[in-house]
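**Q** What follows is a single structure, and I will ask about it in a moment.
Number of protein chains: 2
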Amino acid sequence: MFRDIPLPHLDISNIRSSCASCSLRELCLPVGLNDQEIHILGDVVSHKRRISRGGYLHRTGIKFQSLFAIRSGFFKTCVLEEDGRQQVTGFHMTGELLGLDAISSDIHTCDAIALEDSEVCEIPFTKLEEISLVIPSLMRHFHKIMSREIVRDHGVMLLLGSMKAEERLATFLLNLSRRFCMRGYSESEFNLRMTREEIGSYLGLKLETVSRAFSKLQDENIITVDNKRIQINDITRLRLKMGNSSCVT
Amino acid sequence: MFRDIPLPHLDISNIRSSCASCSLRELCLPVGLNDQEIHILGDVVSHKRRISRGGYLHRTGIKFQSLFAIRSGFFKTCVLEEDGRQQVTGFHMTGELLGLDAISSDIHTCDAIALEDSEVCEIPFTKLEEISLVIPSLMRHFHKIMSREIVRDHGVMLLLGSMKAEERLATFLLNLSRRFCMRGYSESEFNLRMTREEIGSYLGLKLETVSRAFSKLQDENIITVDNKRIQINDITRLRLKMGNSSCVT
DNA sequence: GATGTTAATTGATCTGAATCAAACTGCTTT
DNA sequence: AAAGCAGTTTGATTCAGATCAATTAACATC
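First to last, the protein sequences are chains A and B.
Read the first sequence against the numbering used here and you will find it ends at 295, with the numbers running on by one and no gaps.
Read the second sequence against the numbering used here and you will find it ends at 295, with the numbers running on by one and no gaps.
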């Protein structure tokens, strides 16, 4: 579905120092490492995997071996309830790290499903821990990444616990906007990779409510909605809709 | 308020090997360490702090220096919204680690407030990272703790996103019950340290709704409520109320 | 023990979102 | 191009929980 819409490929490598080893600079992990350290890390994360749209990166219950750094594409993570319905716990894009939840018990606690054709780097976790011992700055950075995930989750808790439908959607759109922007895409115009139902699941709303909230924001000329294509016309007013400014990092 | 109710002091030290250094075994951190490693760790976490009921362990916005391991007592963590209301992000008891959210930005992102007179061990984080490099099992365990926090947050997200009031309260009570039980207290009878409003904030409900949910569970003879004193009469039926079994680790 | 204060319960009413239902759009398949 | 299907929008109705309000209970202070 999105294959016809050519999106610029994110490449941070040319705004930092160039690096031979597998474009490692594009990952979230190597921040602040020198070239030698990057090289050590490169030996660990060299294994790449392609996941096509709808495919599973990992499933709940399987043994945890590796973290996955998203090189390109888009994922959702979700937990499956007994009755078959699924609750989406997050949407993840290029540069983000998947699998952090599985460290605690060595078992994956959620499914990770590609919402578009994607590419990940597999990072064997025991190896990552081993080289953390010789590259302290890598360890520190890894701790920050885990901590950031906790902060992000607290933001979502705040959203789910105290915001109403429209505020939730505004927060969600602004969060996507910022993340697209950070990756070099437009902050005011983007394609949603997920369905209304998946958005609803993530935001604690039913799909009809999500749809109505979209329509409402469009009626107020704050955004323009064309199916999955979203255009933010007035980001200031969208921020006002959010209410609590501090949510969802 | 709770000072008149003598609670047995948790002491894991006698069910593991005994240890001289500041009862360190009581903490969550030293799992699986040998005595020498415990000693190294002991030098780092020696500094203790007392926080009396209502006192702040840390505040949003202040610089992050240390994690805090709760030695005794009970805390809530909460984020303050602009309008002055506060959203509770968690309740924390003996053995748990506070401050993990602050690692990402070196700034505390929430307040931690004692709900009863409490005692914590201060753990300077840079020192913890340093000795992690020489005690790999400590590093591994620390990663598991952070990951467990992420899993816990996902459980809360599930609760907030898809459960109704009664299910939320049942889940909350069972979670408390299990945590008290793990610490050697009764799993069927305990005192709530927090108000209905704080419970409501945590569960995404208003205090009246929390109160009604308590009353409903009492009417069904599943629990007995006497203000803050809770007795679980039928834990099986309480579990059934929860619905989704996999939530809130 | 009286008094002010905070917390909890319970009832009545209102409302935002869920649910039920129907129509429509855009893709995919043949 | 037609048919089928998944996803989306929109309307009508229902309901769980919020809000408003009053009462009671627990606790702290003098």
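Even for Gly, the Cβ is constructed at its ideal location relative to N, Cα and C.
Taking 7 Å as the threshold (beta carbon to beta carbon), is Arg194 of chain B in contact with chain A?
**A** Judged by the 7 Å Cβ criterion, Arg194 of chain B is in contact with chain A.
**Q** Report yes or no: do the region 163-171 of chain A and the region 151-164 of chain B share at least 3 C-beta pairs separated by less than 8 Å?
**A** Because the criterion of three Cβ pairs below 8 Å is not met, the region 163-171 of chain A and the region 151-164 of chain B do not touch.
**Q** Just to confirm, is the Cβ distance from Gln264 of chain B to Val256 of chain B under 7 Å?
**A** No, these two residues do not count as a Cβ contact at 7 Å.
**Q** Considering only the beta carbon of each residue, do Leu143 of chain A and Leu184 of chain A sit closer than 7 Å?
**A** Cβ atoms of Leu143 of chain A and Leu184 of chain A: not closer than 7 Å.
**Q** Grouping DSSP H, G and I as helix and E and B as strand, with all else coil, what is Ile268 of chain B?
**A** In this structure, Ile268 of chain B counts as coil in the three-state DSSP scheme.
**Q** Taking 7 Å as the cut-off, decide whether the C-beta atoms of Cys156 of chain B and Val197 of chain B are in contact.
**A** Going by C-beta atoms, Cys156 of chain B is not nearer than 7 Å to Val197 of chain B.
**Q** Assuming Phe137 of chain B and Tyr248 of chain B are in contact, meaning their beta carbons sit under 8 Å apart, how far apart are those beta carbons, in whole angstroms?
**A** So it is a contact: roughly 7 Å between Cβ atoms.
**Q** Classify Thr217 of chain A as helix, strand or coil using the three-state DSSP reduction.
**A** Helix, per DSSP.
**Q** For the beta strand (DSSP E) that contains Arg198 of chain B, what are its first and last residues?
**A** Unbroken run through Arg198 of chain B is the alpha helix (DSSP H), 182-208; no beta strand (DSSP E).
**Q** Would Leu191 of chain B and Ile86 of chain B qualify as a contact pair, given that the criterion is a beta-carbon distance under 7 Å?
**A** Contrary to the premise, residue 191 of chain B reads as Ile rather than Leu in this sequence. No, Cβ-Cβ distance for Ile191 of chain B and Ile86 of chain B is not below 7 Å.
**Q** How many angstroms separate the CA atom of Lys150 of chain A from the CA atom of Ile268 of chain A?
**A** Sequence check: residue 150 of chain A is Ser here, not Lys. The straight-line gap from Cα to Cα measures roughly 42 Å.
**Q** Buried or exposed: which applies to Thr172 of chain B, given that a residue is buried once 16 or more other Cβ atoms fall within 10 Å of its Cβ?
**A** By the 10 Å Cβ count, Thr172 of chain B comes out exposed.
**Q** Determine, for Pro54 of chain B, whether the minimum Cβ-Cβ distance to residues of chain A falls below 7 Å.
**A** Note that Pro54 of chain B scores a pLDDT of 30, beneath 50, so its modelled location is shaky; the value from the coordinates is reported in the next line. Pro54 of chain B does not count as touching chain A.
**Q** Do Phe146 of chain A and Glu195 of chain A have their CB atoms nearer than 7 Å?
**A** According to the sequence displayed, residue 146 of chain A carries Leu and not Phe. For Leu146 of chain A and Glu195 of chain A, yes; Cβs fall inside 7 Å.
**Q** For Gln277 of chain A, which three-state DSSP category applies?
**A** Reduced to three states, the DSSP call for Gln277 of chain A is strand.
**Q** Please say whether Lys274 of chain B and Glu212 of chain B have beta carbons closer to each other than 7 Å?
**A** No; because the gap between Cβ atoms is not below 7 Å, this pair is not in contact.
**Q** Run through DSSP, which three-state label would Tyr231 of chain B get?
**A** Looking at Tyr231 of chain B - three-state DSSP - the assignment turns out to be coil, as it is neither helix nor strand.
**Q** Among B:Glu244, B:Met209, B:Cys227, which one has its Cα closest to the Cα of Ile278 of chain B?
**A** If we check each option's Cα against that of Ile278 of chain B, B:Cys227 comes out closest.
**Q** With DSSP collapsed to three states, give me the class of Ser67 of chain A.
**A** Residue placement at Ser67 of chain A is flagged as unreliable, the pLDDT there being 37, under the threshold of 50; the coordinate-derived value follows with that caveat. Ser67 of chain A: coil per DSSP, three-state reduction.
**Q** With DSSP as the reference, please indicate the residues paired to Ala158 of chain B in a beta bridge.
**A** BP columns for Ala158 of chain B point to B:His104, B:Thr123.
**Q** Using the three-state DSSP reduction, which class does Thr241 of chain B fall into: helix, strand or coil?
**A** Note: Thr241 of chain B maps to coil in three-state DSSP.
**Q** For the beta strand (DSSP E) that Leu168 of chain B lies in, which residues bound it at each end?
**A** It is Glu, not Leu, that sits at residue 168 of chain B in the sequence shown. 164-170 is the span of the beta strand (DSSP E), which, as asked, contains Glu168 of chain B.
**Q** Given a cut-off of 7 Å, decide if Ser208 of chain A and Gln133 of chain B are closer than it, judged by their beta-carbon atoms.
**A** A contact, by the Cβ cut-off of 7 Å.
**Q** Closer than 7 Å, Cβ to any Cβ of chain B: which residues of the region 179-190 of chain A, in chain order?
**A** Taking 7 Å as the Cβ-Cβ cut-off against chain B, the residues of the region 179-190 of chain A that qualify are Leu179, Pro182, Met185, Arg186, His189, Lys190.
**Q** So that I know if they touch, is there some Cβ in chain A lying closer than 7 Å to that of Leu206 of chain B?
**A** Yes, contact with chain A.
**Q** Whose Cβ in chain A lies nearer than 7 Å to the Cβ of Val202 of chain B?
**A** Chain A residues near Val202 of chain B: Met203.
**Q** Residue range of the alpha helix (DSSP H) that Gly88 of chain A falls in?
**A** Gly88 of chain A -> alpha helix (DSSP H) spans 81-91.
**Q** Considering Gly136 of chain B, what are the terminal residues of the beta strand (DSSP E) in which it resides?
**A** From DSSP, the beta strand (DSSP E) with Gly136 of chain B extends over 132-139.
**Q** Can you grab the Cα-Cα spacing for the pair Arg283 of chain B / Gly141 of chain B, in whole Å?
**A** Each residue's Cα considered, the two are about 29 Å apart.
**Q** Shorter than 7 Å from the beta carbon of Asp280 of chain B to some beta carbon of chain A?
**A** False, the Cβ-Cβ gap to chain A never drops below 7 Å.
**Q** Using the Cα positions of Leu253 of chain B and Glu175 of chain A, report the straight-line distance between them to the nearest angstrom.
**A** Going from the Cα of Leu253 of chain B to the Cα of Glu175 of chain A covers about 45 Å.
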